[in-house]
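In the numbering used here, the protein residues as written are 4 to 226.
From the three backbone atoms N, C-alpha and C, an ideal C-beta is built for every residue, glycine too.
Bear in mind that the values here come from a model prediction, so they are computed numbers and not experimental data.
One structure is given here, and the rest of the page talks about it.
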Amino acid sequence: MSIHNTIRDEIYNYSLNKIQNSIFHQELSNLNIPIEKVRLIYSQFYKWRNEFHTWFGLLIYKSKDCSTKTKKEVVHSFASHISIEMSENHDELYRKFLLNLGVSKDEINNIKTNDITKEYIDSFANRHFNQNDDFLEMCARITGRELSSCIRNSYVIKNYFSKIDIKRQVWWDKHEELELEHFLEEIAPLIKLFDDIELLKSYMKKEIDLHIQFWDDLYKSII
4 MSIHNTIRDE IYNYSLNKIQ NSIFHQELSN LNIPIEKVRL IYSQFYKWRN
54 EFHTWFGLLI YKSKDCSTKT KKEVVHSFAS HISIEMSENH DELYRKFLLN
104 LGVSKDEINN IKTNDITKEY IDSFANRHFN QNDDFLEMCA RITGRELSSC
154 IRNSYVIKNY FSKIDIKRQV WWDKHEELEL EHFLEEIAPL IKLFDDIELL
204 KSYMKKEIDL HIQFWDDLYK SII
(Lines of atoms letter the chains of each structure in order from A and count residues from 1; the text may use other names and numbers.)
(Lines give C-alpha, C1' and ligand atoms only; values in the text may rest on other atoms or scores of the structure.)
Protein backbone atom coordinates (compact mmCIF):
# COMPACT_ATOMS: atom_id res chain seq x y z
CA MET A 1 0.00 0.00 0.00
CA SER A 2 1.32 3.47 -0.91
CA ILE A 3 2.11 5.97 1.81
CA HIS A 4 -0.68 8.20 0.45
CA ASN A 5 -3.25 5.47 1.05
CA THR A 6 -1.76 4.54 4.42
CA ILE A 7 -2.08 8.13 5.65
CA ARG A 8 -5.54 8.49 4.12
CA ASP A 9 -6.80 5.34 5.82
CA GLU A 10 -5.32 6.25 9.20
CA ILE A 11 -6.71 9.79 9.14
CA TYR A 12 -10.03 8.53 7.80
CA ASN A 13 -10.42 6.09 10.69
CA TYR A 14 -9.27 8.68 13.20
CA SER A 15 -11.80 11.22 11.89
CA LEU A 16 -14.66 8.74 11.80
CA ASN A 17 -13.96 7.74 15.40
CA LYS A 18 -13.93 11.37 16.52
CA ILE A 19 -17.20 12.10 14.71
CA GLN A 20 -18.90 8.99 16.06
CA ASN A 21 -17.90 10.02 19.59
CA SER A 22 -18.88 13.64 19.16
CA ILE A 23 -21.77 14.60 21.45
CA PHE A 24 -23.34 16.76 18.76
CA HIS A 25 -23.16 14.13 16.03
CA GLN A 26 -24.41 11.39 18.33
CA GLU A 27 -27.42 13.44 19.37
CA LEU A 28 -28.01 14.52 15.76
CA SER A 29 -28.03 10.94 14.49
CA ASN A 30 -30.38 9.90 17.30
CA LEU A 31 -32.76 12.72 16.32
CA ASN A 32 -32.52 14.16 19.84
CA ILE A 33 -31.93 17.75 18.75
CA PRO A 34 -35.02 19.88 18.02
CA ILE A 35 -35.04 21.13 14.43
CA GLU A 36 -34.95 24.77 15.53
CA LYS A 37 -31.69 24.06 17.37
CA VAL A 38 -30.28 22.21 14.35
CA ARG A 39 -31.04 25.31 12.28
CA LEU A 40 -29.16 27.52 14.74
CA ILE A 41 -26.13 25.24 14.78
CA TYR A 42 -25.86 24.98 11.01
CA SER A 43 -26.47 28.71 10.69
CA GLN A 44 -23.40 29.29 12.83
CA PHE A 45 -21.39 26.95 10.61
CA TYR A 46 -22.45 29.15 7.68
CA LYS A 47 -20.72 32.10 9.36
CA TRP A 48 -17.53 30.10 9.82
CA ARG A 49 -17.45 28.59 6.34
CA ASN A 50 -17.84 32.06 4.83
CA GLU A 51 -14.55 33.07 6.44
CA PHE A 52 -12.65 29.81 6.04
CA HIS A 53 -10.80 31.22 3.02
CA THR A 54 -8.91 33.52 5.39
CA TRP A 55 -7.16 30.44 6.81
CA PHE A 56 -5.89 29.66 3.31
CA GLY A 57 -4.90 33.28 2.83
CA LEU A 58 -2.72 33.19 5.94
CA LEU A 59 -1.23 29.89 4.85
CA ILE A 60 -0.28 31.33 1.44
CA TYR A 61 1.13 34.46 3.10
CA LYS A 62 3.31 32.28 5.33
CA SER A 63 4.57 30.21 2.37
CA LYS A 64 7.19 32.85 1.46
CA ASP A 65 9.60 31.66 -1.26
CA CYS A 66 7.86 29.26 -3.65
CA SER A 67 10.64 28.73 -6.17
CA THR A 68 10.80 24.96 -5.66
CA LYS A 69 8.52 22.67 -7.65
CA THR A 70 7.12 20.83 -4.63
CA LYS A 71 6.31 24.01 -2.74
CA LYS A 72 4.57 25.38 -5.82
CA GLU A 73 2.48 22.22 -5.93
CA VAL A 74 1.50 22.66 -2.28
CA VAL A 75 0.50 26.30 -2.64
CA HIS A 76 -1.31 25.62 -5.92
CA SER A 77 -3.38 22.86 -4.31
CA PHE A 78 -4.63 25.20 -1.59
CA ALA A 79 -5.17 28.12 -3.98
CA SER A 80 -7.13 25.80 -6.25
CA HIS A 81 -9.42 24.91 -3.37
CA ILE A 82 -10.37 28.55 -2.85
CA SER A 83 -10.70 29.16 -6.57
CA ILE A 84 -13.25 26.32 -6.83
CA GLU A 85 -15.05 27.53 -3.71
CA MET A 86 -15.48 31.04 -5.12
CA SER A 87 -16.09 30.26 -8.79
CA GLU A 88 -18.78 27.67 -7.99
CA ASN A 89 -20.46 29.87 -5.36
CA HIS A 90 -20.42 27.27 -2.61
CA ASP A 91 -21.76 29.86 -0.19
CA GLU A 92 -24.95 29.94 -2.25
CA LEU A 93 -25.19 26.16 -2.15
CA TYR A 94 -24.99 26.29 1.63
CA ARG A 95 -27.63 29.03 1.74
CA LYS A 96 -29.93 26.76 -0.26
CA PHE A 97 -29.33 24.03 2.30
CA LEU A 98 -30.31 26.40 5.13
CA LEU A 99 -33.45 27.39 3.24
CA ASN A 100 -34.37 23.73 2.75
CA LEU A 101 -33.73 23.17 6.44
CA GLY A 102 -36.35 25.84 7.20
CA VAL A 103 -34.21 28.93 7.84
CA SER A 104 -35.79 31.97 6.15
CA LYS A 105 -33.92 34.41 3.88
CA ASP A 106 -34.28 37.14 6.48
CA GLU A 107 -32.93 34.85 9.19
CA ILE A 108 -29.94 33.91 7.04
CA ASN A 109 -29.19 37.55 6.27
CA ASN A 110 -29.31 38.41 9.96
CA ILE A 111 -27.30 35.56 11.46
CA LYS A 112 -25.12 36.90 14.26
CA THR A 113 -21.81 35.16 14.86
CA ASN A 114 -21.80 33.81 18.41
CA ASP A 115 -18.74 33.72 20.66
CA ILE A 116 -17.93 30.05 19.99
CA THR A 117 -17.96 30.58 16.23
CA LYS A 118 -15.98 33.82 16.44
CA GLU A 119 -13.35 32.10 18.56
CA TYR A 120 -13.06 29.26 16.04
CA ILE A 121 -12.88 31.64 13.07
CA ASP A 122 -10.01 33.49 14.72
CA SER A 123 -8.27 30.42 16.11
CA PHE A 124 -6.10 29.64 13.10
CA ALA A 125 -4.66 33.16 12.90
CA ASN A 126 -4.27 33.34 16.67
CA ARG A 127 -2.24 30.14 16.63
CA HIS A 128 -0.11 30.83 13.59
CA PHE A 129 0.16 34.50 12.64
CA ASN A 130 3.11 35.26 14.92
CA GLN A 131 4.78 31.87 14.68
CA ASN A 132 7.91 31.30 12.61
CA ASP A 133 8.56 28.39 10.27
CA ASP A 134 5.13 26.81 10.72
CA PHE A 135 4.01 26.80 7.09
CA LEU A 136 4.15 23.02 6.81
CA GLU A 137 2.28 22.59 10.07
CA MET A 138 -0.47 24.88 8.76
CA CYS A 139 -0.67 22.88 5.53
CA ALA A 140 -0.91 19.60 7.42
CA ARG A 141 -3.60 20.92 9.73
CA ILE A 142 -5.85 22.18 6.92
CA THR A 143 -5.29 19.00 4.92
CA GLY A 144 -6.44 16.89 7.87
CA ARG A 145 -9.51 19.04 8.29
CA GLU A 146 -10.31 18.55 4.60
CA LEU A 147 -10.52 14.78 4.94
CA SER A 148 -12.49 14.98 8.17
CA SER A 149 -15.03 17.24 6.44
CA CYS A 150 -15.58 14.62 3.75
CA ILE A 151 -16.22 12.02 6.45
CA ARG A 152 -18.43 14.39 8.45
CA ASN A 153 -20.61 15.01 5.42
CA SER A 154 -20.97 11.30 4.73
CA TYR A 155 -21.91 10.71 8.35
CA VAL A 156 -24.55 13.45 8.45
CA ILE A 157 -26.07 12.41 5.11
CA LYS A 158 -26.35 8.80 6.24
CA ASN A 159 -27.27 9.30 9.88
CA TYR A 160 -29.40 12.44 9.83
CA PHE A 161 -30.65 13.60 6.43
CA SER A 162 -31.78 10.10 5.51
CA LYS A 163 -34.03 10.10 8.58
CA ILE A 164 -35.75 13.46 8.16
CA ASP A 165 -37.98 14.97 5.51
CA ILE A 166 -35.40 16.86 3.46
CA LYS A 167 -34.35 16.43 -0.15
CA ARG A 168 -30.77 15.72 -1.23
CA GLN A 169 -28.55 18.67 -0.43
CA VAL A 170 -26.09 19.69 -3.16
CA TRP A 171 -23.60 21.33 -0.77
CA TRP A 172 -23.35 18.22 1.41
CA ASP A 173 -23.12 15.83 -1.55
CA LYS A 174 -20.54 17.95 -3.38
CA HIS A 175 -18.30 18.36 -0.35
CA GLU A 176 -18.50 14.69 0.48
CA GLU A 177 -16.52 14.07 -2.73
CA LEU A 178 -14.69 17.38 -3.21
CA GLU A 179 -13.00 17.43 0.19
CA LEU A 180 -11.52 14.01 -0.50
CA GLU A 181 -10.17 15.31 -3.82
CA HIS A 182 -8.65 18.32 -2.05
CA PHE A 183 -7.04 16.03 0.51
CA LEU A 184 -5.45 13.85 -2.16
CA GLU A 185 -4.16 16.90 -4.05
CA GLU A 186 -2.66 18.42 -0.91
CA ILE A 187 -1.17 15.33 0.71
CA ALA A 188 0.97 14.26 -2.26
CA PRO A 189 3.42 17.21 -2.21
CA LEU A 190 3.27 17.46 1.58
CA ILE A 191 4.67 13.95 1.93
CA LYS A 192 7.71 15.10 -0.03
CA LEU A 193 8.25 18.10 2.25
CA PHE A 194 7.84 16.34 5.60
CA ASP A 195 10.86 14.44 6.88
CA ASP A 196 8.77 13.05 9.73
CA ILE A 197 5.51 11.47 8.53
CA GLU A 198 4.38 10.83 12.11
CA LEU A 199 4.64 14.57 12.75
CA LEU A 200 2.58 15.25 9.63
CA LYS A 201 -0.15 12.92 10.86
CA SER A 202 -0.07 14.39 14.38
CA TYR A 203 -0.71 17.90 13.03
CA MET A 204 -3.62 16.60 10.98
CA LYS A 205 -5.14 14.86 13.99
CA LYS A 206 -4.78 17.93 16.21
CA GLU A 207 -6.75 20.06 13.74
CA ILE A 208 -9.41 17.39 13.40
CA ASP A 209 -9.73 17.40 17.20
CA LEU A 210 -10.27 21.17 17.19
CA HIS A 211 -12.83 20.98 14.39
CA ILE A 212 -14.93 18.33 16.12
CA GLN A 213 -14.59 20.23 19.40
CA PHE A 214 -16.03 23.27 17.64
CA TRP A 215 -19.18 21.32 16.78
CA ASP A 216 -19.57 20.03 20.34
CA ASP A 217 -18.93 23.45 21.89
CA LEU A 218 -21.39 25.02 19.47
CA TYR A 219 -23.99 22.39 20.32
CA LYS A 220 -23.53 22.99 24.07
CA SER A 221 -23.78 26.76 23.64
CA ILE A 222 -27.05 26.54 21.71
CA ILE A 223 -28.78 23.72 23.57
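Where Glu95 is concerned, the enclosing alpha helix (DSSP H) starts and stops at His93 to Leu104. Contact between the stretch 203-223 and the stretch 159-171 is absent: fewer than three C-beta pairs spanning the two stretches fall below 8 angstroms.
Under a 10 Å Cβ-count criterion, Met207 is classified as buried, with 16 or more other Cβ atoms of the shown protein chains found around its own Cβ. For the pair Ser107 and Leu101, the Cα-to-Cα distance works out to about 8 angstroms.
Taken through DSSP and simplified to helix, strand or coil, Cys153 comes out as helix. Between the stretch 84-103 and the stretch 40-52, the count of C-beta pairs closer than 8 angstroms reaches three or more; the two stretches touch. Contact annotation: Tyr163 and Ser70 have beta-carbon atoms that are not nearer than 8 angstroms. Counting along the chain, the unbroken alpha helix (DSSP H) around Glu122 starts and ends at Asp118 to His131.
Note that the C-beta distance between Phe138 and Lys65 is below 8 angstroms. Its chain contains Phe81 and Ile85 as the residues whose beta carbon lies nearer than 6 angstroms to that of Phe59, once the 5 sequence neighbours on both sides are disregarded; these appear in chain order. Setting aside the 5 residues that flank it on each side, Phe27 is surrounded in the same chain by Trp218, Asp219 and Tyr222, each with a C-beta closer than 6 angstroms to its C-beta; the list follows chain order.
For Glu13, the enclosing alpha helix (DSSP H) stretches over residues Ile6 to Gln23. Between the stretch 11-31 and the stretch 194-201, the count of C-beta pairs closer than 8 angstroms stays below three; the two stretches do not touch.
Under a 10 Å Cβ-count criterion, Pro37 is classified as exposed, with fewer than 16 other Cβ atoms of the shown protein chains found around its own Cβ. With 16 or more neighbouring CB atoms inside 10 Å of its own CB, His214 falls in the buried class.
In the three-state scheme derived from DSSP, where H, G and I count as helix and E and B as strand, Ser80 is classed as helix.
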